[in-house]
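*Asks:* After the structure tokens below, expect a handful of questions from me.
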Amino acid sequence: MSTDRSFAGIARADESASTPLLPVSLEDVCFGVNGTDLLHDVSLSIGPGNRTVIMGPNGAGKSLLLRLLQGLIHPTRGRLAWRRNWTSGHSAQGGTPGGATGAMPSGAPPVSIVLQRPVLLRRSVAANLTHALRVLRVPRADRADRLEELLTLGNLQDRREQPARSLSGGEQQRLATVRALAASPEMLLLDEPTASLDPQATHAIEDLIQRSHDRGTKIVMVTHDMGQAKRVADEVVFMSKGRIAEFTPAESFFSRPQSEEARAYLSGQLII
Amino acid sequence: MNRTFTRRFVLAAAFAGAAAVSLGQAVAADMPFITVQSTTSTLNSGLYDYLLPIFKKEKGIEVRVVAVGTGQAIKNARNGDGDVLLVHAKSAEEKFVADGFGVKRSDLMYNDFVIVGPADDPAGVAGMSDVKAAMKKIAGSEAPFASRGDDSGTHKKERSLWKAAGVEPSGGWYRETGSGMGATLNTGIGMGAYVMTDRATWIKFGNKGDYQIAVEGDAAMFNQYGIIAVNPEKHPHVKVKESQVFIDWMLSPAGQKAIGAYMVDGKQLFFPNADKAGS
Amino acid sequence: MQELQSAFWEAGRLLLTFDSDLTEIVFLSLRVTLSAVFIGCLIGFPFGAFLAVARFPGRTVIVVIVNAFMGLPPVVAGLFLYLLLSRSGPLGPLALLYTPTAMIIAQAVLVTPIVTAMTRQVVEDLYQEYDEQFRSMGLFGARAVPSLLWDARYSLITGALAGFGRAAAEVGAVLIVGGNINHVTRVMTTTIALETSRGNLSLALGLGLVLISLSLLINAAVMSLRGSAKRLAYV
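Residue numbers (numbering that gives the first Met the number 0), protein chains in the order written: chain X, 0 to 271; chain V, 0 to 278; chain H, 0 to 234.
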């Protein structure tokens, strides 16, 4: 496995961000599409440090929550209050920009996301990373070094000239993950990143997550994998039917779930 | 990635190169040239391929011929898209000058029209030299006849002959192709129809099938060519000097001799008849 | 039947003897068509990509118009350009009529809608695929166009080839604005038309075979390019 040294070498793209990004407060956030609400009165405060895992049955709104945090969608009611204002800059799907207001987009979004299925460009592995470095406005002088660091971090040095889409599933997700880390985001969101990967590939991704966490990146991950949740989580957000059912430290969640839905979920019962 | 990128680069470079060369070409026009608006039948006779190199060698002027239908040639010249007009439709030419678009019309040369027909000669007109009588016979027997129907000099001539024969051609046997001489011949031969064509085009035509000249020799089938300089007063950009050199040469003994010297299959196609007094 | 046979003979004879007239005509044809395709791509790629990613009132109308212009009859395009370039027309002083440049412009007019429409389709599909990922990186709208175009590069070649096919095959436009002047604006298709009107059908058909062979050659070359790309999962 790659050494810690390579990871330590990744400098922040924008060290001048003096004010920390977190905590972020979701205040009575609702999100709906075509008049139907999918998230109801979500109030939550996500702070720095802890690895946050979001769990819940299908349709609970977990992915929506992640997308709200990334700015891919905006709340239809309520707002997200970040400690430091930032904006994704674009008019996202649904809702009005209820997130940070007034701030001009500067540099890369400090929040990046790894989707369930990696979306890679029709280029080589290295070209995918170079593209990300460029788009995320990493200073030109740093790009070459950063590329090497990312390749080493993802253990993809041997694959650098290979077409990214010809890689195995696990390798593609590794690539997507290090790409998300390209500009040293303050928060890394992951949407069931290892859902379709074998144990070895899963381990590799979790390893990356651990290193990011050690480096100070806030981790928020959605997973169905109980074992993964237990390995990764410091705190758990349990959602059900568009609402937050529970938000507790991981240990107490797994041993003494408070909500009815959580208990049913953990015991494997189907919740409609 | 390198190999494919290189190939793409080469492709792109090829495109760019082609573009550059073409643009460059547009700029480089070394020899002076004039543009002559003429007809497809004149071009198809091969006269220009024979005549123009002679002129170019003698006078050092390139002649670019745009060959279209008579109507289009006259229209183009009216628009100023040519320096000289060379067609065979006398009344239209005279109108062209009368409307102020041409300087002066001069007789240049003539050839004649013939009627060609299939070997089995359904109308029984083969060998006739009275075109009016022949056309009456064709109309009477309703043998198919393919007309250009495009208002060209040839077409106008054809219509005047029908009129002189006292026939109003109409009905399924009279087919107007709306096309040039070559296309009309192709079509006509394809349907076994009689066609009126100028002799030059016919002699040079490569798709005769079993067709032969059925009717010829009538003075009424005389086809007069005229040459006109486009009027610089209407179109100041016209190349007056070079155009006049060309016209003068065509009307001069040297040019007229060259016209008469053009042969196809040992036959003279055009008969120079410029007015020697300098019409 | 006999015509077809002699056509093959003619084609062979023309090619093998490197008939100088033929060479001149082929070079001019390639020059005109390739330049037109180049211009068509220069305009069509970014314009098509823009139409794919941008959302503005009237966008659908423009897309419909572009698609309709794919079927613009070449002779109409030629006629329209003639009226523009004629000495009596607005662009008369440019003296472009009856030059290869006019022919390039005419063919570019025919090629651009095709390239635009196909680019739009390809880029739109790609954009849908990449949209979420791009937006999460702060890349959206017109800014995404260069990334999309490069990623679509092998599919865009198909659009360029379609444009090439259209331009190489047309005769109406170049005939009117070029005038089919010997040694100046005579290309393959206008020569075929001319020889047909002269009744030299075998020669015309032979030239047609030469033209088709050329087109085959170019398409084969580009396909081999795409073939290797497919294997490399770049498509």
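Idealized CB from N, CA, C, for every residue including glycine. Fair warning: this is a prediction, and the values are worked out from it, not measured in the lab.
To the nearest whole angstrom, what separates the beta carbons of Phe49 (chain H) and Val144 (chain H), a pair I think is in contact under 8 Å?
*Replies:* As a working mapping, residue 49 (chain H) is identified with position 50 in the third sequence. As a working mapping, residue 144 (chain H) is identified with position 145 in the third sequence. Yes, Phe49 (chain H) and Val144 (chain H) are in contact; Cβ-Cβ is about 6 Å, under 8 Å.
*Asks:* Mapping DSSP to helix, strand and coil, what is Pro162 (chain X)?
*Replies:* Residue 162 (chain X) sits at position 163 when you count from the first residue of the first sequence. Correct three-state label for Pro162 (chain X): strand.
*Asks:* Please list, in chain order, the residues of the segment 73-105 of chain V that have any C-beta partner in chain H closer than 7 Å.
*Replies:* Asn78, Gly79, Asp80
*Asks:* Under the three-state reduction of DSSP, which class applies to Pro248 (chain X): helix, strand or coil?
*Replies:* Here residue 248 (chain X) corresponds to residue number 249 of the first sequence, with the count starting at 1. Pro248 (chain X) falls in the strand class under three-state DSSP.
*Asks:* Within 10 angstroms of the Cβ of Leu64 (chain X), are there 16 or more other Cβ atoms? Answer buried if so, exposed if not.
*Replies:* Taking the first sequence and counting its residues from 1, the one referred to as residue 64 (chain X) is at position 65. It is buried - the Cβ of Leu64 (chain X) has at least 16 other Cβ atoms within 10 Å.
*Asks:* Buried or exposed for Ser212 (chain H), please, with buried defined as at least 16 other CB atoms from any protein chain shown within 10 angstroms of its CB.
*Replies:* Reading the third sequence from its first residue, position 213 is the one you call residue 212 (chain H). By the Cβ neighbour-count rule, Ser212 (chain H) is exposed, with fewer than 16 other Cβ atoms within 10 Å of its own.
*Asks:* Taking Ser196 (chain H) and Ser5 (chain H) to be in contact with their CB atoms under 8 Å, please state how far apart those CB atoms are, rounded to whole angstroms.
*Replies:* Position 197 of the third sequence, counted from the first residue, corresponds to residue 196 (chain H). Position 6 of the third sequence, counted from the first residue, corresponds to residue 5 (chain H). Actually they are not in contact, since the Cβ atoms of Ser196 (chain H) and Ser5 (chain H) sit about 18 Å apart, beyond 8 Å.
*Asks:* Who are the neighbours of Val118 (chain X) on chain H, taking C-beta pairs under 8 Å?
*Replies:* In the first sequence, counting from the first residue as 1, residue 118 (chain X) sits at position 119. Within 8 Å Cβ-Cβ: Glu128, Tyr129, Glu131, Gln132.
*Asks:* Rounding to the nearest angstrom, what Cα-Cα distance links Trp248 (chain V) and Val63 (chain H) in this structure?
*Replies:* In the second sequence, counting from the first residue as 1, residue 248 (chain V) sits at position 249. In the third sequence, counting from the first residue as 1, residue 63 (chain H) sits at position 64. Whole-angstrom Cα-Cα distance: 56 Å.
*Asks:* Compute the distance between the beta-carbons of Asp150 (chain V) and Gly265 (chain V), then report whether it is under 8 Å.
*Replies:* Taking the first residue of the second sequence as 1, we reach residue 150 (chain V) at position 151. Taking the first residue of the second sequence as 1, we reach residue 265 (chain V) at position 266. The answer is no: Cβ separation not under 8 Å.
*Asks:* Closer than 9 Å between beta carbons: that is the criterion. Which residues of the segment 226-258 of chain V meet it against chain H?
*Replies:* His234, His236, Val237
*Asks:* In the structure shown, what three-state DSSP assignment does Leu43 (chain X) receive?
*Replies:* Your numbering for residue 43 (chain X) matches position 44 in the first sequence. If DSSP states are grouped into helix, strand and coil, Leu43 (chain X) belongs with the strands.
*Asks:* Identify, in the order they occur along the chain, each residue of the same chain with its Cβ nearer than 8 Å to the Cβ of Gly79 (chain V), setting aside the five sequence neighbours on each side.
*Replies:* Here residue 79 (chain V) is taken as the residue at index 80 of the second sequence, counted from 1. Closer than 8 Å at Cβ, skipping near neighbours: Val229, Lys233, His234, His236, Val237.
*Asks:* Hey, is the segment 33-51 of chain V in contact with the segment 76-95 of chain V, meaning 3+ C-beta pairs nearer than 8 Å?
*Replies:* The segment 33-51 of chain V vs the segment 76-95 of chain V: in contact.
*Asks:* Does DSSP put Glu272 (chain X) in a helix, in a strand, or in coil?
*Replies:* Residue 272 (chain X) falls outside the range modelled here, since chain X spans only 0 to 271, and no answer is possible.
*Asks:* Extract the residue ranges of the alpha helix (DSSP H) inside the segment 11-71 of chain H, only unbroken runs of 4 or more that lie entirely within it.
*Replies:* 19-52, 58-68
*Asks:* Give the residues from the segment 149-171 of chain H that approach chain X closer than 7 Å (Cβ to any Cβ), ordered along the chain.
*Replies:* Asp150
*Asks:* When you compare only the Cα positions, how much space is there between Ala219 (chain V) and Gly187 (chain V)?
*Replies:* Position 220 of the second sequence, counting from 1, holds the residue named residue 219 (chain V). Position 188 of the second sequence, counting from 1, holds the residue named residue 187 (chain V). Looking at the two C-alpha atoms, the distance is approximately 23 Å.
*Asks:* Can you tell me where the alpha helix (DSSP H) holding Arg210 (chain X) begins and where it ends?
*Replies:* Along the first sequence, read from residue 1 onward, the residue named residue 210 (chain X) stands at position 211. 198-214 is the span of the alpha helix (DSSP H), which, as asked, contains Arg210 (chain X).
*Asks:* Which first and last residues belong to the alpha helix (DSSP H) in which Ser40 (chain V) is found?
*Replies:* Stepping through the second sequence from its first residue, residue 40 (chain V) is reached at position 41. 39-43 is the span of the alpha helix (DSSP H), which, as asked, contains Ser40 (chain V).
*Asks:* Which residues mark the beginning and the end of the beta strand (DSSP E) in which Asp27 (chain X) is found?
*Replies:* By one-based count along the first sequence, residue 27 (chain X) stands at place 28. Unbroken beta strand (DSSP E) run through Asp27 (chain X): 23-32.
*Asks:* Alpha carbon to alpha carbon, how far is Pro108 (chain X) from Thr111 (chain H)? Give it in angstroms, no decimals.
*Replies:* In the third sequence, residue 111 (chain H) corresponds to position 112, counting from 1. In the first sequence, residue 108 (chain X) corresponds to position 109, counting from 1. Using only the alpha carbons, I get a separation of about 37 Å.
*Asks:* Please report the straight-line C-alpha distance between Val36 (chain H) and Leu79 (chain X), rounded to a whole angstrom.
*Replies:* On the third sequence, residue 36 (chain H) is found 37 positions in, with the first residue counted as 1. On the first sequence, residue 79 (chain X) is found 80 positions in, with the first residue counted as 1. The alpha-carbon atoms of Val36 (chain H) and Leu79 (chain X) are separated by roughly 51 Å.
*Asks:* Measure from the C-beta of His146 (chain X) to each C-beta in chain H and report whether the shortest distance is under 8 Å.
*Replies:* Taking the first residue of the first sequence as 1, we reach residue 146 (chain X) at position 147. Strictly speaking, residue 146 (chain X) in this sequence is Leu, with His absent from that position. Answer no: the Cβ-Cβ gap between Leu146 (chain X) and chain H never drops below 8 Å.
*Asks:* Using the beta-carbon of each residue, which ones in chain V are nearer than 9 Å to Ser214 (chain H)?
*Replies:* By 1-based counting over the third sequence, the position of residue 214 (chain H) is 215. Within chain V, no residue comes near Ser214 (chain H); the closest Cβ sits about 16 Å away, beyond 9 Å.
*Asks:* Measure from the alpha carbon of Ala261 (chain X) to the alpha carbon of each residue in X:Met54, X:Gly48, X:Leu128, then state which is nearest.
*Replies:* In the first sequence, the residue the question calls residue 261 (chain X) occupies position 262. The candidate whose alpha carbon is nearest that of Ala261 (chain X) is X:Met54.
*Asks:* At a cut of 8 Å, does the segment 39-56 of chain X reach the segment 227-239 of chain X through at least three beta carbon pairs?
*Replies:* yes
*Asks:* Suppose the cutoff is 6 Å on Cβ atoms and the five residues either side in sequence are ignored; what does the same chain contact list for Met127 (chain V) look like?
*Replies:* On the second sequence, position 128 is the one that residue 127 (chain V) refers to. Only Ala133, Val214 meet the Cβ criterion.
*Asks:* Provide the residue span of the alpha helix (DSSP H) that contains Leu119 (chain X), from first to last.
*Replies:* Within the first sequence, numbered from 1, the residue matching residue 119 (chain X) stands at position 120. Counting along the chain, Leu119 (chain X) falls outside any alpha helix (DSSP H), and DSSP gives it neither H nor E.
*Asks:* Which residues in chain H have a C-beta closer than 8 Å to the C-beta of Ala107 (chain X)? List them in chain order.
*Replies:* As a position in the first sequence, residue 107 (chain X) is number 108, starting the count at 1. Here the neighbours are Met136, Gly137.
*Asks:* In angstroms with no decimal places, state the Cα-to-Cα distance between Met69 (chain H) and Asn206 (chain V).
*Replies:* Translated into positions along the third sequence, residue 69 (chain H) becomes position 70. Translated into positions along the second sequence, residue 206 (chain V) becomes position 207. Spanning the two alpha carbons is a distance of roughly 36 Å.
*Asks:* So which residues of chain X does Tyr97 (chain H) contact, with C-beta pairs closer than 9 Å?
*Replies:* By 1-based counting over the third sequence, the position of residue 97 (chain H) is 98. Here the premise fails: no neighbours, minimum Cβ distance about 45 Å.
*Asks:* Contact criterion: CB-CB distance below 8 Å. Does Thr118 (chain H) meet it with respect to chain V?
*Replies:* To locate residue 118 (chain H), count along the third sequence from 1; it is residue 119. No, its Cβ sits nowhere closer than 8 Å to a Cβ of chain V.
*Asks:* Within 8 Å of any Cβ in chain X, is that where the Cβ of Ser85 (chain H) sits?
*Replies:* Mapped onto the third sequence, residue 85 (chain H) falls at position 86. Judged by the 8 Å Cβ criterion, Ser85 (chain H) is not in contact with chain X.
*Asks:* Measure the C-alpha to C-alpha separation of Leu160 (chain V) and Gly259 (chain V) and round it to an integer number of angstroms.
*Replies:* Taking the first residue of the second sequence as position 1, residue 160 (chain V) is located at position 161. Taking the first residue of the second sequence as position 1, residue 259 (chain V) is located at position 260. Near 27 Å, if we compare the C-alpha coordinates of Gly259 (chain V) and Leu160 (chain V).
*Asks:* Would the beta-carbon of Leu25 (chain X) fall within 8 Å of that of Pro47 (chain X)?
*Replies:* On the first sequence, residue 25 (chain X) is found 26 positions in, with the first residue counted as 1. On the first sequence, residue 47 (chain X) is found 48 positions in, with the first residue counted as 1. No.
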